[in-house]
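Chains as they are written, first to last, in the numbering used here: chain D, 1437 to 1761; chain E, -7 to 535.
Just so it is clear, CB atoms sit at the ideal spot from N, CA and C, and this is done for glycine as well.
To keep things clear, I will list the structure first and then write my remarks on it.
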């Protein structure tokens, strides 16, 4: 087991190096440089000013030198400073946005699972009934409707017409002076629309998985046995069938973990939520190399760690894996 | 100037939604009392902005959001007044020597920084030194490189000497003056002032929540008097449709409308009783630029024909919903350098066909325009993310098809657009816009020395008389002489048609009626911001 662990961890090192190389190349292959994005088409900017900024960012150095200085810093957990005019450390920029994205994504994920599982079960147990068809229609509607369009309609209805919910952002102006309860209630009200829209869109995939997995299990012999020995239907479904039907969904949950730090640009733009999606998008558009590379590397690293943990889990559960190597 | 792409995505979607559901508007109680009200202190103005600021040290900022915020925090030595004339600001007065080589600024006494320290000539000297310092990553050193020497005979006088007279120089001293006592001897790129600025302006920074809002509070010691509005808040809302709904719901007091919002969605009395809409020409124009190195566009009759084949009125109606005016030169109407006598080429497809025939282009039986066995076809290149430009190109495509020209449209992401096409001269026709500065100097865009990669005369325009006039126009302070030079340049450009100048869009700000004292002027509405007020009974943000 120990050997297996060490081997798996050592494999991470060349993988990380590969990731940094690919990340670095991809962003440098994109046409345009941060300097141009800031200064192009501005008659007040002379050639000298551009050179000045290139030197300031170290873009005048050969590519391999730029790469090694970046990787060198990365090894010391320093993501460098942003190439936008604020010159702030990338770490700070990510740190101020990560909590928002992370908490939103976690709540949305919980909502999705919390809704998709019962919906899937209902659809499976009432297979081909009117209810099943209604549910199918509903979830596919959510799948097919463009998020931004639905978001705008809901904002108009609840924000402008009915005036029940705030339209965008996370806090009301002046929320700093609220008491803790009022503050949280204000935040919760701001989150209702974004979260509903986000989970509505992804219900279809999840609930369909749940439905087919449930149907699959219900067809098994042991369910027939359970029914044959006279167990009430409720127990058959929720005790015997559900547990087994949940397994593929748990795998799905594992897949969605690395996605937690990524935000959706369209979604964040519409609801004016300052999250990782906007930061990354703006970074790409302005060719802010350190920000883009930083986010990509963190994402890749988390994926690797996720896989590693999953493998450890399997190894713990299955002696064949841990004894092989 | 900047050619940055503006973002109007989702506009179409917004149209559909709003036109279908505009019957009833928000029920937020906004007072609509007809009484003018009397000036009072207090309340806040919330302005919607699509982008967060990046740094509040203006000489390091290159984005318009940062400059908009910094404009309320800092002052320059001079500013543009409401009629776009240069007026003293931190300087009490200024004098230009008769030979145009020396400008002397007499500084205001008794001005203090937000931290209470006095403002003196030392701050001006520091600002100049840090801008020209080669280690400073600023985009604004160019204008100051013409300066031979800056001296301060005493604490309240600054003398600037130039090697040759340079007319745009005076306006360049409108640059924000930075506090020397907080910056001198420190690395400006690492200064905390970028996030916590200290200026001399009417507002000071109170709170900045990245990506959400920037809250400014009024400076009670401002040298022109305490602003009436206590807080000025920028709310970051990246999407214009969302911002518009926030406006209707009362979450935003001031924003720029899109043409369709202005002309179609904000006409109900319910809306106009709550919001005041303003409309004036923006300092920008949209054009179609011909690559003059390309054999198709070498003949000026061809370029004139293309202009004659385009119906500019139709563009303004179709793209801007009438919220703009025709452009026929590089200077926006109503500026002092604008030449109203310039003959525009009117929309006339027959004339276009005749001009093309003179240049050797004839229509074949199937309607295509041919010369030496080759058809007339080209591609209009424009940047991604600007719906207005794309629509303009599409309408032009239809119009040019009428005279037998086959036009394709290609939309390219901004960085690639610059790097792969514009800088390399690898294009036939571009569709772009210029924001123009208040000073008419346009040397960088039209002078034949500015055609290298990355420079702004990327179409390769060359006219010796224009070259001479551009130099003449910038090297005297005499308004009559400058006027003569720029008038003539406009005549030549109208004849040469290196661009087809298309239209000048209108700026369309909308402000809650709660906020009073706004006086629209050629400079827009913000020139008297410190006099804006909300009368005592109507204040919303009282805290």
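Task: Nearest-angstrom Cα separation, counted from residue 1540 of chain D out to residue 1695 of chain D - done: 12 Å
Open item on the list: Taking 7 Å as the threshold (beta carbon to beta carbon), is residue 1481 of chain D in contact with chain E?
Closed with: yes
TODO: Helix, strand or coil for residue 1604 of chain D, going by three-state DSSP, please let me know.
DONE: coil
- [ ] Say whether the stretch 425 to 436 of chain E touches the stretch 322 to 332 of chain E, bearing in mind that this needs 3 or more beta-carbon pairs closer than 8 Å, one atom from each stretch.
- [x] yes
Open item on the list: Quick check on residue 323 of chain E - is its C-beta less than 7 Å from some C-beta in chain D?
Closed with: no
Task: C-alpha gap between residue 1523 of chain D and residue 44 of chain E, whole angstroms - done: 15 Å
- [ ] Could you tell me which chain E residues have their CB closer than 8 Å to the CB of residue 1714 of chain D, listed as they occur along the chain?
- [x] 203 and 230
Task: Three or more C-beta pairs below 8 Å linking the stretch 340 to 352 of chain E and the stretch 294 to 306 of chain E - done: yes
Task: residue 281 of chain E beta carbon less than 7 Å from that of residue 422 of chain E - done: yes
Open item on the list: Less than 7 Å between the C-beta atoms of residue 316 of chain E and residue 485 of chain E, yes or no?
Closed with: no
Open item on the list: Could you check whether the stretch 186 to 204 of chain E touches the stretch 93 to 112 of chain E, counting it as contact only if at least three pairs of C-beta atoms, one from each stretch, sit closer than 8 Å?
Closed with: yes
- [ ] Give me the Cβ distance between residue 245 of chain E and residue 504 of chain E, rounded to the nearest whole Å; I'm assuming they're in contact under 8 Å.
- [x] 4 Å
Task: Exposed unless 16 or more other CB atoms sit within 10 angstroms - verdict on residue 1488 of chain D - done: buried
TODO: Please look up how many angstroms separate the CB atoms of residue 65 of chain E and residue 196 of chain E, rounded, as I've assumed it's under 8 Å.
DONE: 7 Å
- [ ] Could you check what DSSP says for residue 239 of chain E in three-state terms: helix, strand or coil?
- [x] helix
Task: Nonlocal neighbours in the same chain, by C-beta distance under 7 Å from residue 1547 of chain D, ignoring five residues either side - done: 1631 and 1635
- [ ] Evaluate residue 478 of chain E with the Cβ neighbour count: other Cβ atoms within 10 Å of its Cβ, from every protein chain shown; 16 or more gives buried, anything less gives exposed.
- [x] buried
TODO: Quick one: residues in its chain with C-beta nearer than 6 Å to the C-beta of residue 87 of chain E, no 5 flanking neighbours on either side, listed in chain order?
DONE: 96
Open item on the list: Do residue 1555 of chain D and residue 1643 of chain D have their beta-carbon atoms positioned less than 7 Å apart in this structure?
Closed with: yes
TODO: Find out if the Cβ-Cβ distance for the pair residue 1651 of chain D, residue 1552 of chain D is shorter than 7 Å.
DONE: no
TODO: List the residues of chain D whose Cβ lies closer than 7 Å to the Cβ of residue 337 of chain E, in chain order.
DONE: Within chain D, no residue comes near residue 337 of chain E; the closest Cβ sits about 26 Å away, beyond 7 Å.
TODO: Go ahead and pull the three-state DSSP assignment for residue 510 of chain E.
DONE: coil
TODO: Tell me, please, which residues DSSP counts as bridged to residue 375 of chain E.
DONE: E:404
Task: Anticipated Cβ contact below 8 Å, residue 154 of chain E with residue 98 of chain E, distance rounded - done: Going by Cβ atoms, the distance from residue 154 of chain E to residue 98 of chain E rounds to 18 Å, so no, they are not a contact pair.
Task: For residue 1600 of chain D and residue 1451 of chain D, the rounded distance between their alpha carbons - done: 50 Å
Open item on the list: Taking 7 Å as the threshold (beta carbon to beta carbon), is residue 411 of chain E in contact with chain D?
Closed with: yes
TODO: For the stretch 439 to 492 of chain E, list the alpha helix (DSSP H) runs that are entirely contained and at least 4 residues long, ordered along the chain.
DONE: 456 to 466 and 471 to 488
Task: alpha helix (DSSP H) segment containing residue 1462 of chain D, residue limits - done: 1438 to 1465
Task: Contacting residues, own chain, Cβ-Cβ under 7 Å from residue 466 of chain E (five flanking each side not counted) - done: 158, 159, 160, 433 and 435
TODO: Indicate the three-state DSSP secondary structure (helix, strand or coil) for residue 36 of chain E in the structure shown.
DONE: strand
Open item on the list: Which residue wins for smallest C-alpha separation from residue 1705 of chain D, given the options D:1537, D:1568 and D:1741?
Closed with: D:1537
Task: Local Cβ density within 10 Å of residue 1443 of chain D, reported as buried at 16 or more and exposed below that - done: exposed
- [ ] Examine chain D for any beta-carbon lying closer than 7 Å to the beta-carbon of residue 129 of chain E, and answer yes or no.
- [x] yes
Task: Per-residue contacts from residue 1489 of chain D into chain E (C-beta, under 7 Å) - done: 129
- [ ] With DSSP collapsed to three states, give me the class of residue 1561 of chain D.
- [x] helix
Task: Neighbourhood of residue 1583 of chain D by C-beta distance below 7 Å, restricted to the same chain and skipping five residues each side - done: 1633, 1637, 1702 and 1703
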